[in-house]
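Working notes, beginning with the structure itself.
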Amino acid sequence: MYTRVMIVDDELLARNQLCAMIDWEEYGYVLCGEAEDGLKALKLIQELQPHIVLIDINMPLMDGVALCRYVSEHNKDVSTIILSNFDNFDYVRDTLNSGAVDYLLKHRLNPESLLDVLERALNKLGKNLDTENMLDAAGKLEKGKTSNGDLESVIQQLAQTEGSALLEETAVAILKPYARNTVVLVMQMLHNVVLAEKHIGEDRSMFIRSIIELCRQLIGDVHKGCVAYTGHGSLLFILSYPEYRSETPILQSVQTFADKVSQTLQMIYTVSVAFGHSPVCHQIDKLPSYYRHACDAMDRKLTHLQSEPSVRAAATGGGGTGFAVASPTGSTPMMALTIRQEKELLASILVCNTSQIDAIIDEVFITFIARSSGFPQLTFLIEEMINLAHRVGKKMGVDVHWISVTTDSSLPKSSHLPEIQIWIKALYHRLVDDIKRLQTQGKYSKNVEEAMKLVHEHYLQGITLEEAAATIGITPSYLSRIFKEETGKSFTESINHFKIELSKQYIENGNQKFKEMYHRIGFNNYSYFFKVFKDIVGETPHSYAKKYLKNK
Numbered sequence: 001m002y003t004r005v006m007i008v009d010d011e012l013l014a015r016n017q018l019c020a021m022i023d024w025e026e027y028g029y030v031l032c033g034e035a036e037d038g039l040k041a042l043k044l045i046q047e048l049q050p051h052i053v054l055i056d057i058n059m060p061l062m063d064g065v066a067l068c069r070y071v072s073e074h075n076k077d078v079s080t081i082i083l084s085n086f087d088n089f090d091y092v093r094d095t096l097n098s099g100a101v102d103y104l105l106k107h108r109l110n111p112e113s114l115l116d117v118l119e120r121a122l123n124k125l126g127k128n129l130d131t132e133n134m135l136d137a138a139g140k141l142e143k144g145k146t147s148n149g150d151l152e153s154v155i156q157q158l159a160q161t162e163g164s165a166l167l168e169e170t171a172v173a174i175l176k177p178y179a180r181n182t183v184v185l186v187m188q189m190l191h192n193v194v195l196a197e198k199h200i201g202e203d204r205s206m207f208i209r210s211i212i213e214l215c216r217q218l219i220g221d222v223h224k225g226c227v228a229y230t231g232h233g234s235l236l237f238i239l240s241y242p243e244y245r246s247e248t249p250i251l252q253s254v255q256t257f258a259d260k261v262s263q264t265l266q267m268i269y270t271v272s273v274a275f276g277h278s279p280v281c282h283q284i285d286k287l288p289s290y291y292r293h294a295c296d297a298m299d300r301k302l303t304h305l306q307s308e309p310s311v312r313a314a315a316t317g318g319g320g321t322g323f324a325v326a327s328p329t330g331s332t333p334m335m336a337l338t339i340r341q342e343k344e345l346l347a348s349i350l351v352c353n354t355s356q357i358d359a360i361i362d363e364v365f366i367t368f369i370a371r372s373s374g375f376p377q378l379t380f381l382i383e384e385m386i387n388l389a390h391r392v393g394k395k396m397g398v399d400v401h402w403i404s405v406t407t408d409s410s411l412p413k414s415s416h417l418p419e420i421q422i423w424i425k426a427l428y429h430r431l432v433d434d435i436k437r438l439q440t441q442g443k444y445s446k447n448v449e450e451a452m453k454l455v456h457e458h459y460l461q462g463i464t465l466e467e468a469a470a471t472i473g474i475t476p477s478y479l480s481r482i483f484k485e486e487t488g489k490s491f492t493e494s495i496n497h498f499k500i501e502l503s504k505q506y507i508e509n510g511n512q513k514f515k516e517m518y519h520r521i522g523f524n525n526y527s528y529f530f531k532v533f534k535d536i537v538g539e540t541p542h543s544y545a546k547k548y549l550k551n552k
């Protein structure tokens, strides 16, 4: 069973941030309720019977110290944790004397410290806590209710169900509380992913959870409903209006709710959104077809927005934080890059082959145009290309902070494809320059570093020692000597090693058509490539590929 946790704070944003800080259910906790002041908290504590209460110290009507003292005196089976913006010794002393497990500063709170204090609060309840009583209390609390996890699972299933299909019986049972006068509402965030460090990896997941929690709170303010994230910046709401008898006030209420969500997300997170909703549904098992109605409405909305420069700028990187638009109408996410294109692009970046990078980007945009793709797909393409550059740069040890800065400041604010194509190429060229600089920085003298750069740039068409020396402005004999001294290889050996490293990248990225590969890396025939590979690696390309796949 889950340990029930309640949050008491008069600030909506603070409650929302706390809700989104961890995946509560993953760690064995469930958020059973929230209150905005101490007096409301007292009532909810009796009703919800939480095991742990997180309490803000500075609240109207009844502050955190008074609430903590009351809980300590009247609810021995509840642990309290105090949160504050102030590092004040008197507050610390008063709260700890009132029975709080700990006093934490909000600005220092992170997932690790939150989990640590929750564990200590749970331990304070004691090992002798009657498990049966806890289960009984949980049963009373959950009777007639469904967990957020179950609802999210059903909503995500709904988003992947064919429009003509009916919901399964278990899904219908879970959605039964929302079965009267139901409307499906789809929300799409319009900003691309701004690749600031705070929205990468785990923090990006936290950002998504934060958006979901805020939307849940806004639903709770007005009517019955539930919401889940369905991927690619899209949220799906199921809203129920049992109190209405005609459809007109229902749809007016949906619009009012959508406006409220839009304004709140813009104010708190600087995220622009668009909505599409279905007609009113009276048979809950037919929700998949109503979801398609909502998606169609969303598509029409996005098509309309394409002609609005201000929204188009937002969706292609005009600042703010959010996610790229991906069409919610299909159950399968759009692919801006094919698997082959992504693998070849990765290999080209790793060996700093800018001409090959340009060729792949050109191919991607030619494919994009041939598909007659629209505004949502364009923003998704931009996001995927930026994300790939960020991911590879980080893997190679490059400082990638500039990518988010560049995205904010110079990403074209129009949907003019040639302009965007040039911008993406420039982004990748700068990334390659950074990788080259990192690979050679401090390792070689200026002349040898320049020679290595020429090898990387001209390996495909070939470059001789004499040509490299002439470009650098030194004699071939001098270049040959210092190159061998500093790298341990001759100039020709270095070119071959570079080509073989490139071939290994192709193999590791899944391209094992060796008789098609050799010409891509600058060899004139397969036999010579085979011989050089075996001499350098110590085994044949086939053997290397087999061993790599086995160890992967």
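Numbering-wise, the UniProt record's numbering puts 219 at position 219 of the sequence shown, and it's gapless, one number per residue.
Glycine is no exception: its CB is placed at the ideal position from the N, C-alpha and C atoms.
Note that this is a predicted model, so its numbers are computed, not measured.
- Annotation: asparagine 353 to alanine 470 spans about 22 angstroms, alpha carbon to alpha carbon.
- Judged by DSSP in its simplified three-state form, aspartate 116 adopts helix.
- For the pair of segments examined, the segment 40 to 58 was found to touch the segment 71 to 86: the number of CB pairs separated by less than 8 angstroms reaches three.
- When the Cα atoms are used, leucine 48 and valine 65 turn out to be separated by approximately 21 angstroms.
- A direct Cα-Cα distance of roughly 21 angstroms separates glutamate 383 from isoleucine 212.
- Assigned with DSSP and collapsed to three states, leucine 109 falls in coil, not helix or strand.
- Counted as a single uninterrupted DSSP element, the alpha helix (DSSP H) harbouring histidine 74 occupies residues 64 to 74.
- Fewer than three Cβ pairs drawn from the segment 295 to 303 and the segment 240 to 251 lie within less than 8 angstroms of each other, which leaves the two stretches out of contact.
- With respect to valine 537, isoleucine 500 sits close: the two C-beta atoms are nearer than 8 angstroms.
- If only uninterrupted alpha helix (DSSP H) runs of at least 4 residues are considered, those enclosed by the segment 440 to 489 are 446 to 458, 465 to 472, 476 to 487.
- The beta carbon of glutamate 344 is closer than 6 angstroms to those of Ile360 in its chain, skipping five residues each way along the sequence.
- In the structure shown, valine 261 adopts helical secondary structure according to DSSP, grouped into three states.
- With at least 16 other beta carbons inside 10 angstroms of its own, tyrosine 178 counts as buried.
- Taking a 10 Å sphere around the C-beta of asparagine 16, we find 16 or more other C-beta atoms and assign the residue as buried.
- Between proline 288 and alanine 159, the alpha-carbon positions lie close to 7 angstroms from each other.
- Per DSSP, the beta-bridge partners of glutamate 34 are Ile7.
- Secondary structure of cysteine 226 (DSSP, three-state): strand.
- When the beta-carbon positions are compared, asparagine 85 and histidine 51 stay at least 8 angstroms from each other.
- Just so you know, the alpha carbons of alanine 451 and isoleucine 472 end up roughly 7 angstroms apart.
- In terms of Cβ geometry, leucine 83 and isoleucine 57 form a close pair [threshold 8 angstroms].
- When DSSP states are grouped into helix, strand and coil, aspartate 56 belongs to the strand group.
- Straight-line spacing of the CA atoms in tyrosine 528 and histidine 542 works out to 15 angstroms.
- Here tyrosine 526 carries a helix assignment [DSSP, helix/strand/coil].
- Restricting attention to Glu342, Met189, Leu151, the CA atom closest to the CA of valine 392 is found in Glu342.
- Taking the Cα positions, methionine 517 is about 7 angstroms away from serine 503.
- For glutamine 188, the number of other beta carbons within 10 angstroms of its own is at least 16, and it is reported as buried.
- Judged by DSSP in its simplified three-state form, serine 84 adopts strand.
- Within 10 angstroms of the beta-carbon of histidine 390 lie 16 or more other beta-carbons, which makes it buried.
- Nearest in C-alpha terms to tyrosine 2, of all of Asp9, Glu26, Ser253, is Glu26.
- A distance of 8 angstroms or more separates the beta carbons of valine 351 and glutamine 461.
- The criterion of a C-beta distance shorter than 8 angstroms is satisfied by alanine 20 and serine 210.
- Approximately 4 angstroms separates the beta-carbon atoms of leucine 190 and serine 272; this is inside 8 angstroms, confirming the contact.
- From the listed residues Gly220, Phe237, Gly233, the smallest Cα separation to valine 227 is found for Phe237.
- Leucine 54 is a Cβ neighbour of valine 5, given a cutoff of 8 angstroms.
- Per DSSP, reduced to three states, the secondary structure at serine 205 is helical.
- As a beta-bridge residue in DSSP terms, histidine 277 pairs with Leu185.
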